[in-house]
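To start, the structure under review is shown below, and the notes come after it.
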Amino acid sequence: MIIQENNSISYETTDITPEVASAWLMKNIDNRKPSKAKVRKLAIDLKEQNWVANADAVRFNRNDVLIDGQHRLMAVVESGVTIKNALVARGLSDKAYITIDDGIPRQMHQFLAHANLGTERRQKVLAYLIATMCSIEKEGSLAGIKHHRQITKSQMNKWIKLHETEAVDAVIKSYIAQDAIPFGNPSTGTTSWAVAIYLSTQTHGDAVVDDFLAGLINGNENPEDPRNVLRHWMIKQNSDHDKNKRRSLKKNLTAFNKCFNSYVLKQDMKRIRLSKNEALPELVVLEAS
Numbered sequence: 007m008i009i010q011e012n013n014s015i016s017y018e019t020t021d022i023t024p025e026v027a028s029a030w031l032m033k034n035i036d037n038r039k040p041s042k043a044k045v046r047k048l049a050i051d052l053k054e055q056n057w058v059a060n061a062d063a064v065r066f067n068r069n070d071v072l073i074d075g076q077h078r079l080m081a082v083v084e085s086g087v088t089i090k091n092a093l094v095a096r097g098l099s100d101k102a103y104i105t106i107d108d109g110i111p112r113q114m115h116q117f118l119a120h121a122n123l124g125t126e127r128r129q130k131v132l133a134y135l136i137a138t139m140c141s142i143e144k145e146g147s148l149a150g151i152k153h154h155r156q157i158t159k160s161q162m163n164k165w166i167k168l169h170e171t172e173a174v175d176a177v178i179k180s181y182i183a184q185d186a187i188p189f190g191n192p193s194t195g196t197t198s199w200a201v202a203i204y205l206s207t208q209t210h211g212d213a214v215v216d217d218f219l220a221g222l223i224n225g226n227e228n229p230e231d232p233r234n235v236l237r238h239w240m241i242k243q244n245s246d247h248d249k250n251k252r253r254s255l256k257k258n259l260t261a262f263n264k265c266f267n268s269y270v271l272k273q274d275m276k277r278i279r280l281s282k283n284e285a286l287p288e289l290v291v292l293e294a295s
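Sequential numbering of the sequence shown, starting at 7, is according to our numbering.
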């Protein structure tokens, strides 16, 4: 159905089935190299029925060559799901590709202003926490943290609607903890704190986590208290000698979880032992008495 014409440019809406998408991709000549990760994310949204029409057209030039929409078409083929009533533009100038995708992509943290965290940086930490938790829940274990970049905005949006209060609280506490005992540089440190605090709170509740954080930040006289062990480990990691070492969420979370588990089990510990290829330890769950 053609709905508008303008200087030889026509616009129509049509269903893009996997068969149609495959045929149109045959007209994909001299386009940029597609991103497999982008195609995978779009295919996930289609399979999970998270696709939202936004009037962004699939575009062909005057020679019927596809100049925009290859990732969407590849996602339709990969997912086997039809996009209903898709907008298609035909007859564009050969120079139109110069202005396509020329804007600034919207990042997930820019959709989180409603969380009232005050700064864009805090919204970025919240976005990272959301993606990490989505990945962990999808994987069914903490091993999922390495796949957080594969999470789509639609999946993140669904998650935050269910967990916003707890997630925002974890981010706020992460800045308090990072200011007192840095978990590395402000970027890695704050995101590490946010994930650690959220996970431990979900497992053991606010009171236990708040007591652990208080002991960690303030210290005490028992050198084998897990909170003191983690405190001294973090101070050493932030010393001039180690400041240039690469820090990672996995390393920080491994150290936190080991100490938090010992604290919950009321066990003293002498030091944090980390091996290069060890799995990230899950948080212990105490049986109800």
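All residues carry an ideal CB built from backbone N, CA and C; glycine is no exception.
1. If you pair each beta-carbon of the stretch 33-45 with each one of the stretch 111-121, do three or more pairs fall below 8 Å?
2. Based on the DSSP output, what are the partners of L72 in its beta bridges?
3. Near T20, which residues of its chain fall below 8 Å by C-beta distance, leaving aside the five closest residues on each side in sequence?
4. Assuming A176 is part of the alpha helix (DSSP H), what are its boundary residues?
5. Spatial neighbours of T158 within its chain, please: CB distance less than 6 Å, with the 5 preceding and 5 following residues excluded, ordered by chain position.
6. Is P287 helix, strand or coil when you go by DSSP?
7. Applying the criterion that 16 or more other CB atoms from any shown protein chain within 10 Å of the CB defines a buried residue, is P229 buried or exposed?
8. Measure the C-alpha to C-alpha separation of L239 and I278 and round it to an integer number of angstroms.
9. Spell out the partners DSSP gives I89 in its beta bridges.
10. Along the chain, where does the alpha helix (DSSP H) containing G221 start, and where does it finish?
11. Give me the residue from D217, Y103 and K152 with the minimum Cα distance to K179.
12. Name the residue from D231, A200, S14 and W30 whose alpha carbon lies nearest to the alpha carbon of L259.
13. For G190, is the classification buried or exposed, using 16 other Cβ atoms within 10 angstroms of its Cβ as the cut-off for buried?
14. Helix, strand or coil: how does DSSP classify T105 here?
Looking at the atomic coordinates:
1. no
2. F66
3. M7, V26, N91, A92 and V94
4. K159 to A186
5. K47, I50 and D51
6. coil
7. exposed
8. For the sequence presented, residue 239 should be read as Trp rather than Leu. Spanning the two alpha carbons is a distance of roughly 7 Å.
9. I22
10. D212 to N224
11. D217
12. A200
13. buried
14. coil
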